[in-house]
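Peer 1: Right, I'll just put the structure down here and ask away after.
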Amino acid sequence: MGTDQPTTKEQLFALLDLLQREGVRVWVHGGWALEALSGVSRPHKDIDLLAAEVDRERLRQLFADSLVEEDVHKLTVSFQGAEVEITFFQRDKRGKAYTITPRILARWSERSLGNCTAVLAGREIPIVDVTALYVEVFNTLRKKGDMLDKNRRDQEIVRRLVTPEQEAFARRYFPRPNTRWNRMLLRLGLW
């Protein structure tokens with residue numbers, strides 16, 4: 002998007018307010034969710050949101066003038082100068098949530114899509130569950146070089162937030178490579 006400026010909590014709050022007014026449910030994930038849970042602040046290059054695939058068209062229309070990129074699994078938009086990545090999940094016939102990207106298959110636990118919140122700068126925000134954050138920062142399948150160093154710092158923070166039981170639960174949700182075989186297992190409910 003061409004900006005080197007970090008995103009701000011004010012941009013995040015304004016975005017969440019807009020989406021709430023529009024009736025679109027989202028969950029914050031990534032760095033902002035981790036900061037809200039841990040209280041440990043760091044610069045954020047973007048805002049990461051998770052939304053249901055059924056809301057894609059509404060979000061595409063809402064951000065029609067600021068759409069930067071559309072991919073099979075996400076929209077990237079500009080909002081008040083902030084880069085926003087909205088990742089979508091779908092549900093299979095059994096109601097299980099998943100995201101298919103060009104590189105990985107990711108499943109979302111019902112915990113991830115529940116009513117988890119955390120407080121950021123005195124404001125409660127909707128976030129994915131801490132186990133989803135664990136999956137996000139500990140799996141290396143989707144990480145590229147420069148992300149790995151940042152992830153090591155985030156891993157230390159997340160490690161302090163999860164119990165051994167949550168860690169074991171989260172590991173069951175690590176993404177797999179997007180291969181024909183893994184897509185078949187996902188669709189058959191065998192993964």
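Going by the numbering used here, the residue at position 172 of the sequence shown is 173; the numbering climbs one at a time, nothing skipped.
Each residue gets a CB set at the ideal place from its N, CA and C atoms; glycine is no exception.
Because the structure is a prediction, the values reported are computed rather than measured.
Can you tell me which of the three DSSP states Thr132 falls into?
Peer 2: Three-state result, Thr132: helix.
Peer 1: Could you check what DSSP says for Val85 in three-state terms: helix, strand or coil?
Peer 2: Val85 falls in the strand class under three-state DSSP.
Peer 1: Terminal residues of the continuous alpha helix (DSSP H) containing Trp182?
Peer 2: From DSSP, the alpha helix (DSSP H) with Trp182 extends over 181-188.
Peer 1: Three-state secondary structure (DSSP) at Arg22?
Peer 2: If DSSP states are grouped into helix, strand and coil, Arg22 belongs with the helices.
Peer 1: Helix, strand or coil: how does DSSP classify Thr120 here?
Peer 2: Here residue 120 is Val; the residue named in the question, Thr, does not match the sequence. Reduced to three states, the DSSP call for Val120 is strand.
Peer 1: Measure the C-alpha to C-alpha separation of Ala201 and Leu38 and round it to an integer number of angstroms.
Peer 2: Look at the range of the chain in this structure, 2 to 192, and you will see that residue 201 is not part of it.
Peer 1: According to DSSP, which residues form a beta bridge with Asp49?
Peer 2: Bridge partners of Asp49: His30, Glu86.
Peer 1: State the Cα-Cα distance for the pair Leu106 and Arg184, rounded to the nearest angstrom.
Peer 2: Roughly 7 Å between the two C-alpha positions.
Peer 1: Quick check: what's the CA-CA separation for Arg173 versus Asn152?
Peer 2: Distance between the alpha carbons of Arg173 and Asn152: 20 Å.
Peer 1: Are the Cβ atoms of Leu51 and Trp33 separated by less than 8 Å?
Peer 2: It is not a contact, given that the beta carbons lie outside the stated cut-off.
Peer 1: Spell out the partners DSSP gives Thr100 in its beta bridges.
Peer 2: Thr100 pairs with Ala107.
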